[in-house]
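Student: Numbering (our numbering), first residue to last: 29 to 390. First the structure, then my questions, so here it is.
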């Protein structure tokens, strides 16, 4: 993810933190200072926020390690001010495997809460309320840590996408029906819950409105993705292959690229060197280079060289999932190590629209 800094590797997984995390820490320091908190009190607040993000990281690591058990790698884990993101190569299709991977994250939180509960003396309800409403300090730090982990586990187990609970629900439903139907049911349940959150938010906490919208859109996105995978199953890259495409040489200049832009309709060009694909260059990259570096800039210096090569007989579903995780929008298609065409996101989306329309008519 852009704007992220690598902290290291664990079990072969890159661990990143987004730069906006520093803004969160600065905000906590500033807001505590405005409230007249002492330096020690501010330090405890910062340490508590850091402990929450360590918890979030362990939650995501739980998903990643569970997925690894089924030979599913995790590209990286990124910590953001709003939570964590583990980028798995794919979501397990087998219900029992998806159940294990989905439940692994909340299980980590439950385990952390249980361990913390064993190490501290949990007060009675009245004392607990007083400690939890007070500023974080040495005496209530671990009690707050325990409560946060319980809250994270319960929140993530809400049976709605994109939370873990939505995947748990789908996995359970998939044991008795096909995955697409299970996803649609889980998505509808999630959207109903989302509307409940929004309704309550108007009368209670406005933050629930944000959560409701987040759940509603997440459920919609998951249903759309599953529908797309269902439609693409049984097709190969060859079925959406674009045999008419434009290439530009890596040694050409921005001036040449601008001329090609103005004289045609292509928005992203395949960059070649000795007829071998070496990158792509988009309209936006060309215009930016023209503005910043001039028309004599060489294409090889501005192109995106992170190419995703596809085989013509690759499953279209697999190719689509790979493309979702790849920053290049134009992919060269090879057959016997020879370039035979290209595929881009827009072409696959058009293919999906055509198949959707055909299915609806039938």
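All C-beta atoms, glycine included, are put in the ideal place defined by N, C-alpha and C.
1) For the alpha helix (DSSP H) that contains residue 333, what are its first and last residues?
2) Taking just the CA atoms, how far does residue 371 sit from residue 272?
3) For the candidate residues 100, 344 and 312, whose alpha-carbon lies nearest to that of residue 269?
4) Name the DSSP beta bridge partners of residue 40, please?
5) Please report the residue range of the alpha helix (DSSP H) in which residue 391 lies.
6) For residue 354, is the classification buried or exposed, using 16 other Cβ atoms within 10 angstroms of its Cβ as the cut-off for buried?
7) In three-state terms, what does DSSP make of residue 312?
8) How long is the line joining the alpha carbons of residue 36 and residue 68, rounded to whole angstroms?
9) Once DSSP output is grouped into helix, strand and coil, what is the label at residue 344?
10) Just how far apart, CA to CA, sit residue 98 and residue 125?
11) I'd like to confirm something about residue 60: is its beta-carbon nearer than 7 Å to some heavy atom of the ligand PLP, or not?
12) List the DSSP bridge partners of residue 376.
13) Locate the alpha helix (DSSP H) running through residue 97, then write down its first and last residues.
14) Provide the residue span of the beta strand (DSSP E) that contains residue 111, from first to last.
15) To the nearest angstrom, report how far apart residue 140 and residue 384 are at their CA atoms.
16) With H, G and I counted as helix, E and B as strand and the rest as coil, what does DSSP make of residue 306?
17) With a threshold of 16 other CB atoms inside 10 Å of the CB of residue 48, please say whether the residue is buried or exposed.
18) With 16 other CB atoms within 10 Å as the buried threshold, where does residue 231 fall?
19) Contact check, residue 135 vs residue 173 under 8 Å by CB: the rounded distance?
20) Determine the burial state of residue 234: buried for a count of at least 16 other Cβ atoms within 10 Å of its Cβ, exposed for fewer.
21) If you drop the 5 nearest sequence neighbours on each side, which residues of the same chain put their C-beta closer than 8 Å to that of residue 267?
Tutor: The answer reads as follows:
1) Locating residue 333 in the chain shown gives position 305, counting from the first residue. Note, residue 333: premise wrong, no alpha helix (DSSP H); not H, not E.
2) Indexing the chain shown from 1 puts residue 272 at position 244. Indexing the chain shown from 1 puts residue 371 at position 343. Whole-angstrom Cα-Cα distance: 10 Å.
3) Locating residue 269 in the chain shown gives position 241, counting from the first residue. The candidate whose alpha carbon is nearest that of residue 269 is 344.
4) Walking along the chain shown from the start, residue 40 turns up at place 12. DSSP lists no beta-bridge partner residue for residue 40.
5) The requested residue 391 does not occur in the structure, where the chain is confined to residues 29 to 390.
6) Taking the first residue of the chain shown as position 1, residue 354 is located at position 326. By the neighbour-count rule (16 or more Cβ atoms within 10 Å), residue 354 is not buried but exposed.
7) Looking up residue 312 in the chain shown gives position 284. Taken through DSSP and simplified to helix, strand or coil, residue 312 comes out as helix.
8) As a working note, residue 36 is residue 8 in the chain shown. As a working note, residue 68 is residue 40 in the chain shown. Their Cα atoms are separated by approximately 29 Å.
9) Here residue 344 corresponds to residue number 316 of the chain shown, with the count starting at 1. Residue 344 falls in the helix class under three-state DSSP.
10) For the purposes of this step, residue 98 is identified with residue 70 of the chain shown, where counting begins at 1. For the purposes of this step, residue 125 is identified with residue 97 of the chain shown, where counting begins at 1. Those two C-alpha atoms are separated by around 7 Å.
11) This structure does not include the ligand PLP; it has no bound ligands of any sort.
12) Numbered from its first residue, the chain shown carries residue 376 at position 348. Residue pairing by DSSP leaves residue 376 without any beta bridge partner.
13) Here the question's residue 97 lines up with position 69 in the chain shown. Looking at the DSSP string, residue 97 is not in any alpha helix (DSSP H), and its letter there is neither H nor E.
14) The residue labelled residue 111 in the question sits at position 83 within the chain shown. Looking at the DSSP string, the run of the beta strand (DSSP E) that includes residue 111 is 111-116.
15) Within the chain shown, numbered from 1, the residue matching residue 140 stands at position 112. Within the chain shown, numbered from 1, the residue matching residue 384 stands at position 356. The alpha-carbon atoms of residue 140 and residue 384 are separated by roughly 46 Å.
16) Counted from its first residue, the chain shown places residue 306 at position 278. Reduced to three states, the DSSP call for residue 306 is strand.
17) As a working note, residue 48 is residue 20 in the chain shown. By the Cβ neighbour-count rule, residue 48 is exposed, with fewer than 16 other Cβ atoms within 10 Å of its own.
18) As a working note, residue 231 is residue 203 in the chain shown. Residue 231 is exposed by the Cβ-count criterion.
19) The residue labelled residue 135 in the question sits at position 107 within the chain shown. The residue labelled residue 173 in the question sits at position 145 within the chain shown. Cβ-Cβ separation between residue 135 and residue 173: approximately 17 Å, too far for a contact (criterion under 8 Å).
20) Within the chain shown, residue 234 is the residue found at index 206, counting from 1. Around the beta-carbon of residue 234, fewer than 16 other beta-carbon atoms lie within 10 Å, marking it exposed.
21) On the chain shown, residue 267 is found 239 positions in, with the first residue counted as 1. For residue 267, where only same-chain residues beyond five positions count, the Cβ hits under 8 Å are 344 and 379.
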